[in-house]
Amino acid sequence: MLIIPLSTQIDAQGASEVQVSVAVKPASSVTASPTPVPKLSHQEMADLLMVRREYQAALAEYLQVEPRTAKTWNQIGIAQQQLLLEQDARKSYERAIKLDPHNADALNNLGSIYYSLKDYRHAEHMYRKALKLRPDSALIYKNLGTDMLAKHDFSKGWVCYQQALSLDPEVFERMHVLRVGDPTPAMQRGAMNFYLAKSYAKVGMNDRAVEYLRMAIDEGFADRRKILSDKEFATLHNFEGFRELLSEQKMRQ
10 MLIIPLSTQI DAQGASEVQV SVAVKPASSV TASPTPVPKL SHQEMADLLM
60 VRREYQAALA EYLQVEPRTA KTWNQIGIAQ QQLLLEQDAR KSYERAIKLD
110 PHNADALNNL GSIYYSLKDY RHAEHMYRKA LKLRPDSALI YKNLGTDMLA
160 KHDFSKGWVC YQQALSLDPE VFERMHVLRV GDPTPAMQRG AMNFYLAKSY
210 AKVGMNDRAV EYLRMAIDEG FADRRKILSD KEFATLHNFE GFRELLSEQK
260 MRQ
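Under my numbering, the residues of the sequence shown are numbered 10 to 262, in order.
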């Protein structure tokens, strides 16, 4: 019997991974007598539903799990956060942390709740506590960097973004997705995109640097003069995509 792992990363401005294994019979055993399929526990069923992004059904299953561990409370919080039940999610993450003060996932996710509520000071506190427990987490550095930018502490935010990219060059491509109805102001999104572009330019990922620069311009954070004066973009001057972007901006001005 083959065991095929299915995994997903759930973006809640502080995501967690859910992994489920599904048993599949090899073709040669099709004619064999059917083997009874064991019934999934509430925890297993909820995890599977999370993979499918059926958050309401997953939440109902998680709430039937007994006893509830810190991990379960954290997963309950993720499902609630995906359903925009932020106050309920906050309480669930707090319960997880009370059961396990060293649960970096729950600390990070609680930080994401504070961030969504624009309580950037408490969000930073949670992210830094999570980083002490998991200093190799690109995701937490990414979240902390975004929080710093929201407070207009651009230099610290950029440092965090660079650290996130050094740990995982794909972290922003997998996680940097704003939800529908995200209340983040356009200028703040522009700052995030601008400093992300700087980070990509610094590591030589030119295509992505130009992509995020374009978004920063669209959000009103950057213009042609600001881009040309930034030393981090000097390496892009001979890059065709960068020259096209500057040409477009010159025509608009």
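Positions of the beta carbon are idealized from the N, C-alpha and C atoms, including for glycine.
Rounded to the nearest angstrom, what separates K80 and R104 at their Cα positions?
Taking the sequence shown and counting its residues from 1, one reaches residue 80 at position 71. Taking the sequence shown and counting its residues from 1, one reaches residue 104 at position 95. The alpha-carbon atoms of K80 and R104 are separated by roughly 10 Å.
Which residue wins for smallest C-alpha separation from M135, given the options R99, L68, Y204?
Numbered from 1 along the sequence shown, position 126 holds the residue referred to as residue 135. Comparing Cα positions, the closest option is R99.
Where N152 falls, given that 16 or more other Cβ within 10 Å makes a residue buried
On the sequence shown, residue 152 is found 143 positions in, with the first residue counted as 1. Under this definition N152 is a buried residue.
Please check the pair L3 and Q197, which I expect to be a contact at CB under 8 Å, by giving their CB distance rounded to whole angstroms.
The first residue shown for the chain is 10 and the last is 262, placing residue 3 beyond what the model contains.
For K100, name the three-state secondary structure that DSSP assigns.
Indexing the sequence shown from 1 puts residue 100 at position 91. Helix.
Is the distance from the Cβ of A200 to the Cβ of G250 below 9 Å?
Stepping through the sequence shown from its first residue, residue 200 is reached at position 191. Stepping through the sequence shown from its first residue, residue 250 is reached at position 241. Contact flag unset, no.
Just the Cα atoms here: how many angstroms apart are G229 and K259?
Numbered from 1 along the sequence shown, position 220 holds the residue referred to as residue 229. Numbered from 1 along the sequence shown, position 250 holds the residue referred to as residue 259. Cα to Cα, the separation comes out at about 15 Å.
DSSP state of D232, grouped into three classes?
Mapped onto the sequence shown, residue 232 falls at position 223. It is coil, neither helix nor strand.
Can you tell me where the alpha helix (DSSP H) with N152 in it begins and where it stops?
Residue 152 sits at position 143 when you count from the first residue of the sequence shown. Per DSSP, N152 belongs to the alpha helix (DSSP H) from 147–159.
DSSP state of R143, grouped into three classes?
Here the question's residue 143 lines up with position 134 in the sequence shown. DSSP places R143 in coil when its eight states are reduced to three.
Could you have a look at A89 and say whether DSSP puts it in helix, strand or coil?
The residue given as residue 89 occupies position 80 in the sequence shown. Strictly speaking, residue 89 in this sequence is Gln, with Ala absent from that position. Note: Q89 maps to helix in three-state DSSP.
Starting from Q73 and walking both ways along the alpha helix (DSSP H), at which residues does that stretch end?
Here residue 73 corresponds to residue number 64 of the sequence shown, with the count starting at 1. It is not in any alpha helix (DSSP H) - Q73 carries neither H nor E in the DSSP assignment.
Please list the terminal residues of the continuous alpha helix (DSSP H) segment that includes M201.
The residue labelled residue 201 in the question sits at position 192 within the sequence shown. Start and end: 195–211.
For L94, does the three-state DSSP call read helix, strand or coil?
Position 85 of the sequence shown holds residue 94. DSSP places L94 in coil when its eight states are reduced to three.
Cβ neighbour criterion (16 or more within 10 Å) applied to E182
As a position in the sequence shown, residue 182 is number 173, starting the count at 1. That one is exposed.
Determine, using beta carbons only, whether D156 and A139 come nearer to each other than 9 Å.
Indexing the sequence shown from 1 puts residue 156 at position 147. Indexing the sequence shown from 1 puts residue 139 at position 130. Taking 9 Å as the Cβ cut-off, D156 and A139 do not qualify as a contacting pair.
Could you check if F242 is buried or exposed, using at least 16 other CB atoms within 10 Å of its CB as the buried criterion?
Start at 1 with the first residue of the sequence shown, and residue 242 comes out as number 233. Under this definition F242 is a buried residue.
To the nearest whole angstrom, what separates the beta carbons of A147 and D177, a pair I think is in contact under 8 Å?
In the sequence shown, the residue the question calls residue 147 occupies position 138. In the sequence shown, the residue the question calls residue 177 occupies position 168. Their Cβ separation, rounded to whole angstroms, is 4 Å, which keeps A147 and D177 in contact under 8 Å.
Cβ pair A231, E220 closer than 9 Å:
Walking along the sequence shown from the start, residue 231 turns up at place 222. Walking along the sequence shown from the start, residue 220 turns up at place 211. Against a cut-off of 9 Å, the Cβ pair of E220 and A231 comes out as no contact.
Helix, strand or coil: which one does DSSP assign to H134?
As a first step, residue 134 must be located in the sequence shown, where it is residue number 125. Correct three-state label for H134: helix.
Would you please state the rounded distance, in angstroms, between the beta carbons of N118 and Y102? I believe it to be under 8 Å.
For this step, residue 118 is matched to residue 109 along the sequence shown. For this step, residue 102 is matched to residue 93 along the sequence shown. 5 Å between Cβ atoms; contact.
Checking 9 Å against the spacing of the C-beta atoms, do A88 and Y64 come in under that value?
Stepping through the sequence shown from its first residue, residue 88 is reached at position 79. Stepping through the sequence shown from its first residue, residue 64 is reached at position 55. Cβ atoms of A88 and Y64: closer than 9 Å.
E249 in three-state terms, based on DSSP:
Locating residue 249 in the sequence shown gives position 240, where the first residue counts as 1. DSSP places E249 in helix when its eight states are reduced to three.
With a Cβ-Cβ cutoff of 9 Å, do L174 and V212 count as a contact?
One-based indexing of the sequence shown puts residue 174 at position 165. One-based indexing of the sequence shown puts residue 212 at position 203. Taking 9 Å as the Cβ cut-off, L174 and V212 qualify as a contacting pair.
Alpha carbon of H246 to alpha carbon of K235, nearest angstrom
What you label residue 246 is simply residue 237 of the sequence shown in a count that begins at 1. What you label residue 235 is simply residue 226 of the sequence shown in a count that begins at 1. Taking the straight line joining both Cα atoms gives about 14 Å.
For K127, does the three-state DSSP call read helix, strand or coil?
Sequence index remark: in the sequence shown, residue 127 carries index 118 (1-based). Residue state, collapsed to three classes: coil.
Any idea what DSSP makes of K48, helix, strand or coil?
Along the sequence shown, read from residue 1 onward, the residue named residue 48 stands at position 39. The answer is coil: DSSP assigns K48 none of H, G, I, E or B.
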